[in-house]
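Structure first, then comments.
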Amino acid sequence: MSTTGTGQPSTLDDTDRRIVHLLQQDGRMSMRDLAAAVHVSRAHVYTRVKRLLDEGVIRRFTIQVDPERVGFSTSAYLTMKVEQNSWRQIRDTLAALPWVEHVALVSGDFDVVLLVRSASNKSLRDLVFTHIQNMPGVRSTRTLLVFDETDHLPALPGDPEVVAGTQDDQPR
5 MSTTGTGQPS TLDDTDRRIV HLLQQDGRMS MRDLAAAVHV SRAHVYTRVK
55 RLLDEGVIRR FTIQVDPERV GFSTSAYLTM KVEQNSWRQI RDTLAALPWV
105 EHVALVSGDF DVVLLVRSAS NKSLRDLVFT HIQNMPGVRS TRTLLVFDET
155 DHLPALPGDP EVVAGTQDDQ PR
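Under the working numbering, the first residue of the sequence shown is numbered 5, with each subsequent residue one higher.
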């Protein structure tokens, strides 16, 4: 499913889910190893991966960097209240900031949540006071420092054991 709510969800079968799950764990997995893991031919898995890319199920292949090891020792979630109808402009401005990792329009007591990374508390303070609070349309912000975090893989629809390949999905 599209995270922006603009596309129709693709119909994924158990093989598609297992392919996506395996690629989430190791985006560099070869087509041969992927085919062996899901018990289909290389040509079949290649066709499936191409379709998943074409349909936008797989958006891109990327790496995940440890923020602390590249100098971002401070992480924070920021909540923002924004003026009505300013979301698109604020989203685009935030997306252009190199410290902003994730931006979401949400419901509830605030309008926007973002995850930011910075080298220090001082640079975080400068980011919030200089770049974010001065944006047109921003009414208020609240900063929540991250003390510890755990990575996880995005959930996939379907039986988790079948998706992970821990259950025999052959017909009985």
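By construction, the Cβ of each residue, glycine as well, lies at the ideal position given by its N, Cα and C atoms.
field: Cβ shell of Arg-32 (< 6 Å), same chain only, five flanking positions each side left out
entry: On the sequence shown, residue 32 is found 28 positions in, with the first residue counted as 1. There are no such residues.
field: Range covered by the alpha helix (DSSP H) that runs through Ala-123
entry: The residue given as residue 123 occupies position 119 in the sequence shown. Element bounds for Ala-123: n/a, residue is neither H nor E.
field: Of the listed residues Asp-58, Tyr-50, Ser-144, nearest to Ile-23 (C-alpha basis)
entry: Position 19 of the sequence shown, counted from the first residue, corresponds to residue 23. Minimum Cα distance to Ile-23 is reached at Tyr-50.
field: For Asp-20 and Leu-56, believed in contact at Cβ under 8 Å, the rounded distance
entry: Here residue 56 refers to the residue found at position 52 of the sequence shown. Here residue 20 refers to the residue found at position 16 of the sequence shown. The pair is a contact, with the Cβ atoms about 6 Å apart (cut-off 8 Å).
field: Same chain, Cβ closer than 8 Å to Val-42, five either side skipped, listed in chain order
entry: In the sequence shown, residue 42 corresponds to position 38, counting from 1. Thr-19, Arg-22, Ile-23, Leu-26, Val-49, Gly-169, listed in sequence order.
message: My output table needs one value for Leu-16: the three-state DSSP class, helix, strand or coil.
response: Indexing the sequence shown from 1 puts residue 16 at position 12. DSSP places Leu-16 in coil when its eight states are reduced to three.
- prompt: Can you give the Cα-Cα distance for Thr-83 and Arg-46, rounded to whole angstroms?
  reply: Walking along the sequence shown from the start, residue 83 turns up at place 79. Walking along the sequence shown from the start, residue 46 turns up at place 42. About 46 Å.
For Tyr-50: DSSP bridge partner residues: Position 46 of the sequence shown holds residue 50. In the DSSP output, where bridge partners are listed per residue, Tyr-50 has none listed.
message: Going by beta-carbon coordinates alone, are Leu-149 and Ser-79 separated by less than 9 Å?
response: Indexing the sequence shown from 1 puts residue 149 at position 145. Indexing the sequence shown from 1 puts residue 79 at position 75. The answer is yes: Cβ separation under 9 Å.
Neighbourhood of Met-139 by C-beta, 7 Å cutoff - its chain only, sequence neighbours within 5 removed: The residue you call residue 139 lines up with position 135 of the sequence shown. Cβ contact annotation for Met-139 (same chain, cutoff 7 Å, sequence separation greater than five): Ile-94, Thr-97, in chain order.
field: Cα-Cα separation, Trp-103 to Val-69
entry: Within the sequence shown, numbered from 1, the residue matching residue 103 stands at position 99. Within the sequence shown, numbered from 1, the residue matching residue 69 stands at position 65. So the two alpha carbons sit approximately 14 Å from each other.
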